[in-house]
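Sequence lines, in order, name chains A and B.
With positions in the first sequence counted from 1, the corresponding number in the working numbering is that position plus 1209.
With positions in the second sequence counted from 1, the corresponding number in the working numbering is that position plus 1209.
Number of protein chains: 2
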Amino acid sequence: MINTLYLPELREMLAADNSDELGEFCIALHPARTAEFMEGLSADETWLVLSYTDSQNRVQIFSYFSTEKQEEIITTQDRETVSLLVAEMAPDDRADLLQDLETHLLEDLLNRIPAEERRDYLRLSQYPEGTAGAVMTSEFAKLDANLTIEQAIHEIGRQSEEYETIYYLYVLDGEDHLLGLVSARQLLEGMRKPATKLLDIMETDLVTCAPLEDQEDVVDKVARMDLLAIPVVEDERKMLGIITHDDIIDVVQEEATEDAHQMGAVNPLDETYLRTSVLTLSWKRGIWLMILFFFALLTAFALELYDRNLTRWVWLVPFIPLVISSGGNSGSQSATLIITALSRGHISLQDWSQVIFRELLMGLLLGTGLGILGYCVAQFFPGVDSLQAALVVPVTLLLVVIAGTLTGSILPLLFERLGLDPAMMSNPFVAGIIDILGIVIYMNVAIWFLGVPPAN
Amino acid sequence: MINTLYLPELREMLAADNSDELGEFCIALHPARTAEFMEGLSADETWLVLSYTDSQNRVQIFSYFSTEKQEEIITTQDRETVSLLVAEMAPDDRADLLQDLETHLLEDLLNRIPAEERRDYLRLSQYPEGTAGAVMTSEFAKLDANLTIEQAIHEIGRQSEEYETIYYLYVLDGEDHLLGLVSARQLLEGMRKPATKLLDIMETDLVTCAPLEDQEDVVDKVARMDLLAIPVVEDERKMLGIITHDDIIDVVQEEATEDAHQMGAVNPLDETYLRTSVLTLSWKRGIWLMILFFFALLTAFALELYDRNLTRWVWLVPFIPLVISSGGNSGSQSATLIITALSRGHISLQDWSQVIFRELLMGLLLGTGLGILGYCVAQFFPGVDSLQAALVVPVTLLLVVIAGTLTGSILPLLFERLGLDPAMMSNPFVAGIIDILGIVIYMNVAIWFLGVPPAN
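Structure below.
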């Protein structure tokens, strides 16, 4: 996904040391786009281009590079100038970058940045991946409750460059306890009464989150309340940081990818697909393939138990994949529906009886449909020579599809009840369980309609 | 998911006609929370509670009700007072609500609201679901380029109640063509030079989207640039509306659910799980189950072709589910990885050769692993009486897993290349294709190692 449009021009400008045009290139576009156009440059070239703009703009463009490119620059370029840039990064971006570095490089960089930024990094890096603390930034606009609207506006105008957002301004006491929130909107609207104190206009019923709270729960709060940012507070509302809307969008995308991977029986990746090594990927997949292999082995043993039936009625064999895939597919569908509905908050555990009743109904409908198809198809198979024989496959399909919809809905609900992530009920896992059920149902329906064959 | 905490108190207050406490209840909390506490009330009770607060606050709380509850209120309460509320709703929320109503009710309501709001609804409702136009709001803060910062701040303070966000202010010419953007941040920072004209500080390199653009592409732009809102423009940058960060989060969640459903072989739902009827759900699942049924039927015919082999070597039969599920599962994993990486923009079509090479490698690794397991297991099966026989299952597993990883990666890439949604390559669909491949590979490996059995 490298945009090569500007690369030749950029290289020409570098060769000619054209500082006017390079400076202009760095400020003309949104920093995200500037970063995009530079992705194809080498680390050396990139660093050189960035030397043509001021430090504030340099940090902005740098923050939009991929972590891969950021790391390459950090490790290859002059340590002293690099550390100046690191010191100026937004705390959450800085923490994301530094935590992946090798220890000796990290220590060297930390020693070179000011003590305040160093402490800040050490505080942020203590929160585990996936918690609110790990995505928050510690830079937010703080105000005193006794400021007037006019004073607040001047204060904000003075400090605003430091903060990720100045649209939510937090009112804290002397010990950083969160007292309330004043929005930039309130300040602008309040311009008609500039002497009003923040104390009198601030919102005090605030939605907050704890630093160790699951980032998925934080997303739910922000999404439900349409917030621009959410404060992260410790005991007694001591404020640690905020999570802004742009980070929330990143988290939503990350969580959706993670859920999709789990549902597809892949352990979630820490990096993007191409940046994860083949060995790591194989491990994250292999562990599930092995579990599923043992399920399939159970199915093999189940079939082995019935080998007399299969030898007597050989025409049963070709329908084995049909039977187990019909059960597996309807089970995967149910699991997908229930897992996504749980994770979006569209259903909760209290709805279990309604959910199971609906899945039972759908199983009946879908199973009857597939059963009718199965009956028509069975007519054309050699060996299916009686009404009894023709009924084996359709009746099996009906029962197997019902087993599928019930298993596919009950398992995720059960996982949710046990406090586990329902997305761990991957579709192949559900399908694996239904495979065994399917074989047992198939063979018993066959015995029911056709009788037990005599021992050889 | 109904919060019943406050219901008894609310009903008591209503019985006692306690206007002080009811009025206080309506304004004390964030409207989203107030709405949450009211979800358990009947439509009549809800409407009565809302009568105790002013119209602006009433609309805010109402907007946070579920569409279900909104519709119930609209259809059951006094048409005239209801239409006043509808007229005051945010244009995008209003469009979402009205488009689900029955025609005669919709027409009656449209006739009762002011002409401007009516035209606005008709304009918004023309954009198909899933486009930028369908999620945008037509109310945004517009300013003239010749205003000074001071004038702009006063203008905003005066008008701000009308707009969903006043943090991005759009500079338009007399014919609504978008000239630039001034952020509230720029205004607050610019307070030191209040006579500066907007013309001199506005950003002109803006990221915009077209009304018929896919909402997924809009999300990508906003997420990449960390925007608060994105303008929707027609030809010649005529501005139609904006999409704000909160709607973007909703879209991300919606699209993720849709992708998950497609990957689980369920056609995307228009409503939440519980609000979709069993019949509709059965249809959205049944159509896929039928397609997959015919795949499985092909597998059955493939097995039928080899029935001489299966009669001669009955011990091959129990391994059928093992072979096809190993292929299907590794294929589902690949498809999941490639589809999510494509939709997140982590890979693109240009990376196809790298992707396929990696999947081939993983197929080799995973297939070898499963093959070794299969070799160990095969030893214990009665009928497996030679080295040749013991090698059939492991060699098949190796080949089938490679076929799985290749099919699972090539199919989504192919769909992307053809301009189709790669998520349509559902995991069961990929698994269905690999089932057939798996049977053909299994039987041919058996013939290779064991020879062709004589005709009966």
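For every residue, glycine included, the Cβ atom is placed at its ideal position computed from N, Cα and C.
Please read these numbers as outputs of a predicted model, since none were measured by experiment.
> What residues in the region 1385-1396 of chain A have a beta carbon less than 7 Å from any beta carbon of chain B?
Replying inline: A1393 and R1394
> Relative to chain A, which residues along the region 1536-1557 of chain B have a C-beta separation below 8 Å, given in chain order?
Replying inline: G1537, N1538, S1539, S1541, Q1542, A1544, T1545, L1546, I1547, I1548, T1549, A1550, R1553, G1554, H1555, I1556 and S1557
> Closest Cβ-Cβ distance between S1667/B and chain A: below 8 Å?
Replying inline: Outside the displayed range of chain B (1210 to 1665) lies residue 1667/B, so it cannot be described from this structure.
> Taking a cut of 7 Å between CB atoms, which residues from the region 1520-1534 of chain B lie near chain A?
Replying inline: T1520, V1523, V1526, P1527, F1528, I1529, P1530, L1531, I1533 and S1534
>> Is there a Cβ of chain A sitting closer than 8 Å to that of T1213/B, yes or no?
In response: no
> Enumerated in chain order, which unbroken segments of the alpha helix (DSSP H) with a length of 4 residues or greater are wholly contained in the region 1256-1295 of chain B?
Replying inline: 1264-1272 and 1276-1285
> What residues in the region 1630-1644 of chain B have a beta carbon less than 8 Å from any beta carbon of chain A?
Replying inline: N1636, P1637, A1640, G1641 and D1644
>> Does A1419/B come out as helix, strand or coil in the three-state DSSP assignment?
In response: coil
>> With a threshold of 8 Å between beta carbons, is V1475/A in contact with chain B?
In response: yes
> Of all the residues that make up the region 1490-1508 of chain A, which are near chain B by a beta-carbon distance shorter than 8 Å?
Replying inline: L1490, S1491, R1494, G1495, W1497, L1498, M1499, L1501, F1502, F1504, A1505, L1506 and T1508
> How about V1586/B: is its C-beta nearer than 8 Å to some C-beta of chain A?
Replying inline: yes
> From L1607/A to G1537/A, what distance separates their C-alpha atoms?
Replying inline: 13 Å
> If E1370/B and P1300/B are in contact, beta carbons under 8 Å, what's the gap, nearest whole angstrom?
Replying inline: Contact doesn't hold; Cβ gap of about 15 Å is too wide.
>> Any beta carbon of chain B sitting closer than 8 Å to that of M1210/A?
In response: Here M1210/A scores only 48 on pLDDT, less than 50, and its place in the model is too uncertain to base an answer on.
> Just curious, the alpha helix (DSSP H) that N1434/B is in, first and last residue?
Replying inline: Checking the sequence shown, residue 1434/B turns out to be Met, not Asn. Per DSSP, M1434/B belongs to the alpha helix (DSSP H) from Q1424 to M1434.
> Hey, is G1232/A's beta-carbon within less than 8 Å of any beta-carbon in chain B?
Replying inline: no
> Using a C-beta cutoff of 8 Å, does D1426/A count as contacting chain B?
Replying inline: no
>> Using a Cβ-Cβ distance cut-off of 8 Å, determine whether G1578/A contacts chain B.
In response: yes
>> Could you give the first and the last residue of the continuous beta strand (DSSP E) run that contains V1601/B?
In response: First-last for V1601/B: L1596 to R1626, but that is the alpha helix (DSSP H), not the beta strand (DSSP E).
> Taking only beta-carbon atoms, is E1513/B less than 8 Å away from chain A?
Replying inline: yes
>> Between which two residues does the beta strand (DSSP E) holding M1298/B run?
In response: M1298/B -> no beta strand (DSSP E), and no H or E assigned at all.
>> Within 10 Å of its beta-carbon, does Q1279/A have 16 or more other beta-carbons around it, so buried, or fewer, so exposed?
In response: buried
> Can you tell me the Cα-Cα spacing of F1274/A and Q1424/A, whole angstroms?
Replying inline: 24 Å
>> Would you say Y1651/B lies against chain A (beta-carbon separation less than 8 Å)?
In response: no
> Opposite H1386/A in the DSSP bridges: which residues?
Replying inline: K1447/A
> For the candidate residues T1357/B, R1553/B and E1422/B, whose alpha-carbon lies nearest to that of K1406/B?
Replying inline: T1357/B
> Between the region 1429-1446 of chain B and the region 1458-1469 of chain A, do three or more beta carbon pairs fall short of 8 Å?
Replying inline: yes
>> Restricting to Cα atoms, I'd like to know which of A1341/A, Y1584/A and E1398/A is closest to I1451/A.
In response: A1341/A
> So is A1598/A in contact with chain B if we call contact Cβ pairs under 8 Å?
Replying inline: no
> From the beta carbon of I1619/B, is the nearest beta carbon of chain C less than 8 Å away?
Replying inline: The question asks about chain C, but that chain is absent: this structure's protein chains are A and B.
> Among G1249/B, T1284/B and L1223/B, which residue has its Cα nearest to the Cα of S1260/B?
Replying inline: L1223/B
> Within 8 Å (strictly less), CB to CB, does D1468/A reach chain B?
Replying inline: yes
>> Determine whether the beta carbon atoms of L1519/B and V1526/A lie at a separation below 8 Å.
In response: yes
> According to the neighbour-count rule (16 or more other Cβ atoms, all chains shown, within 10 Å of its Cβ), is I1581/B buried or exposed?
Replying inline: exposed
>> Counting only beta-carbon separations shorter than 8 Å, does M1434/B have a partner in chain A?
In response: yes
>> Do V1391/A and A1438/A have their beta-carbon atoms positioned less than 8 Å apart in this structure?
In response: no
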